[in-house]
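Position one of the sequence shown corresponds to residue 48 (this note's numbering), numbered consecutively onward.
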Amino acid sequence: MPTKLAAGNWKMNGIAANLAEAEALATALPAPGCEVLICPPATLIDRLSTVLAGSPIATGGQDCHAAAKGAHTGDTSAVMLKDAGATYVILGHSERRTDHDETDADVAAKSEAAWAEDLIAVICVGETEAERDAGDALSVVATQLAGSIPEAATAANTVIAYEPVWAIGTGRVPTTEQIAEVHNDMRRILSDRFGAEGAEMSLLYGGSVKAGNAAEIFGVTNVDGALVGGASLKAADFQPIVEALAAS
Ligand code: PEP
C-alpha cells in the first residue's frame, strides 16, 4: 500500500510566532495514523525541525537548487535543507513553474539533487484551467510526469502531487470523478514506467483541500493524501484533514 501523507505547504507565510501552530498540531496528534509533513518558508526550516524533534511530524523545504553549492544568490540547496533538518522537499509547484519559469527538466534535476541528500521529493504536476477546458488535462499531466521524474524514482524517494492550477487557493475543487480520472491515469503511467515502485508511490491531491471536503477526496481511488496550502497554516484547520486521512 502507498504511504498516506498529509503535507502542508506554508508557501511564503510564517514567521517565528507561527511555529506555535506546528507545536499545537504535534501536541494534538501524538500518533497521527499517517505521515504528516509541514513545509515552511526556508527561514523557518531549522527552527521548525527543532520544534518538531521527537514528534511524528516531518519538516520539508518548498524548493531546492539543482546544485549543491555555488554562486546562486537567493537559492537554497538540498544539502542546506538537509542540514537544517528537512527530510522532504516540494519540487515543481505550479507557483515555481510560473513565477520562476521552472521546466520539467529543472524539476528532474532538482529531484536528483534532493535524492543525493536522502530527501524525499514531492513532485508537483497539474493542468491550467485553459488546458482542462481544451480537454488536455491528462496529456499535460502525462507530459509533466515523463519530464519531471528521473529514472531512479522509487516509492521511497518520490511522492507525486496532482495539483490542478485552477484549484490552488481558489476554493474551487475538481469533482471526485475528475480527481479519480487523473489519479488513475497517473497510477497507470507510473506503474508502466516504474513497475512495483510506481504502484506503491504515494499520490497526493492538492488544491483547496479543507476539513469539509477532505474525507470525500480521500475516498477517491489512488488518492493517498493531500498537499495542503491555506488550510495547513492553522493547527485547527490542518488537524481534521490529517484525521480524515488517517481514517480513510
Ligand atoms: C498548494 O499550495 O499546494 C495548495 C494546494 O494550496 P491550497 O490548499 O491553498 O489550494
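In this text, a Cβ means the ideal position worked out from N, Cα and C, and glycines have one as well.
### Message
Whole angstroms are fine: how far does the CA of Gly266 sit from the CA of Val256?
### Response
Numbered from 1 along the sequence shown, position 209 holds the residue referred to as residue 256. Numbered from 1 along the sequence shown, position 219 holds the residue referred to as residue 266. Straight-line Cα distance between these residues: approximately 13 Å.
### Message
I want to check one thing, is the minimum distance from the CB of Ala278 to the heavy atoms of ligand 1 below 7 Å?
### Response
For this step, residue 278 is matched to residue 231 along the sequence shown. For ligand 1, at least one heavy atom lies less than 7 Å from the Cβ of Ala278.
### Message
Closer than 8 Å is the cut-off here; do at least three beta carbon pairs connect the region 150-160 with the region 186-194?
### Response
yes
### Task
Could you name each continuous alpha helix (DSSP H) segment of 4 residues or more that falls completely within the region 244-272, going from the start of the chain to the end?
258-265
### Task
With DSSP as the reference, please indicate the residues paired to Glu82 in a beta bridge.
Translated into positions along the sequence shown, residue 82 becomes position 35. Its beta-bridge partners are Leu52.
### Message
Which residue wins for smallest C-alpha separation from Ala246, given the options Asn231, Tyr252, Ala258?
### Response
Locating residue 246 in the sequence shown gives position 199, counting from the first residue. Per the Cα distances, Asn231.
### Message
Just to confirm my understanding: we take Tyr252, look at its own chain, exclude 5 residues before and 5 after, and list those with CB closer than 6 Å. What are they?
### Response
For the purposes of this step, residue 252 is taken as residue 205 along the sequence shown, with counting starting at 1. Cβ within range, chain order: Tyr209, Ile226, Ile264, Val270, Ala273.
### Task
Per DSSP, which residues does Ser186 bridge with? Please list them.
Translated into the one-based positions of the sequence shown, residue 186 becomes position 139. Answer is none; Ser186 lacks a bridge partner.
#### Entry: Backbone secondary structure at Ala177 - three-state DSSP
The residue labelled residue 177 in the question sits at position 130 within the sequence shown. Helix at Ala177.
### Spatial neighbours of Val220 in its chain, beta-carbon cut-off 7 Å, leaving aside the 5 residues before and after
Taking the first residue of the sequence shown as 1, we reach residue 220 at position 173. Excluding positions up to five away in sequence, the list reads Ala214, Gly254, Ser255, Asn260.
### Query
How do the region 70-77 and the region 106-122 stand: do at least 3 beta-carbon pairs fall below 8 Å, yes or no?
no
### Message
Given 7 Å as the limit, tell me if Gly254 has its C-beta closer than that to any heavy atom belonging to ligand 1.
### Response
To locate residue 254, count along the sequence shown from 1; it is residue 207. Yes, ligand 1 has a heavy atom inside 7 Å of this Cβ.
#### Entry: N-terminal and C-terminal residue of the alpha helix (DSSP H) that Ala105 is part of
Position 58 of the sequence shown, counting from 1, holds the residue named residue 105. Element bounds for Ala105: not the alpha helix (DSSP H) but the beta strand (DSSP E), 104-108.
### Message
Closest to Lys281 by C-alpha separation, out of Ala291, Ser295, Ala258, would be which residue?
### Response
Your numbering for residue 281 matches position 234 in the sequence shown. Minimum Cα distance to Lys281 is reached at Ala258.
### Query
Does any heavy atom of ligand 1 sit closer than 7 Å to the C-beta of Asn56?
One-based indexing of the sequence shown puts residue 56 at position 9. At least one heavy atom of ligand 1 is nearer than 7 Å to the Cβ of Asn56, so yes.
### Message
Considering Cα atoms alone, identify which of Glu70, Thr90, Ala63, Ile85 is closest to Asn56.
### Response
Within the sequence shown, numbered from 1, the residue matching residue 56 stands at position 9. Of Glu70, Thr90, Ala63, Ile85, the residue nearest in Cα terms is Ile85.
### Query
Name the DSSP beta bridge partners of Leu274, please?
For the purposes of this step, residue 274 is taken as residue 227 along the sequence shown, with counting starting at 1. DSSP, once it has assigned bridges, lists Ala54, Gly253 as partnering Leu274.
### Query
Cβ of Gly216 within 7 Å of any heavy atom in ligand 1?
Residue numbering aside, residue 216 sits at position 169 when the sequence shown is read from its first letter. Flag set: Cβ of Gly216 near ligand 1.
### Message
Tell me which residues share the same chain as Trp162 and place their Cβ nearer than 7 Å to its Cβ, disregarding the 5 neighbours each side in the sequence.
### Response
If you number the sequence shown from 1, residue 162 lands on position 115. Closer than 7 Å at the Cβ level, and outside the excluded window around Trp162, lie Ala168, Ala199, Asn204.
#### Entry: Inter-residue Cα distance where the pair is Gly218 and Asp284
Your numbering for residue 218 matches position 171 in the sequence shown. Your numbering for residue 284 matches position 237 in the sequence shown. Those two C-alpha atoms are separated by around 15 Å.
### Query
Taking the alpha carbon of Ala54 as the point to measure from, which residue in Ala63, Ala69, Glu174 has its own alpha carbon closest?
On the sequence shown, residue 54 is found 7 positions in, with the first residue counted as 1. Comparing Cα positions, the closest option is Ala69.
### Message
Suppose contacts are defined by Cβ-Cβ distances below 8 Å. Is Glu176 in contact with Val229 by that definition?
### Response
Position 129 of the sequence shown, counting from 1, holds the residue named residue 176. Position 182 of the sequence shown, counting from 1, holds the residue named residue 229. Not a contact, by the Cβ cut-off of 8 Å.
### Query
What residue from Ile92, Ile170, Gly121 has the CA that sits closest to Thr201's CA?
Your numbering for residue 201 matches position 154 in the sequence shown. Thr201 has its Cα closest to that of Ile170, out of Ile92, Ile170, Gly121.
### Query
Is any heavy atom in ligand 1 found nearer than 7 Å to the beta carbon of Val275?
Position 228 of the sequence shown holds residue 275. Yes.
### Task
Please report how far the alpha carbon of Thr90 lies from the alpha carbon of Thr120, in whole angstroms.
On the sequence shown, position 43 is the one that residue 90 refers to. On the sequence shown, position 73 is the one that residue 120 refers to. Cα to Cα, Thr90 sits roughly 15 Å from Thr120.
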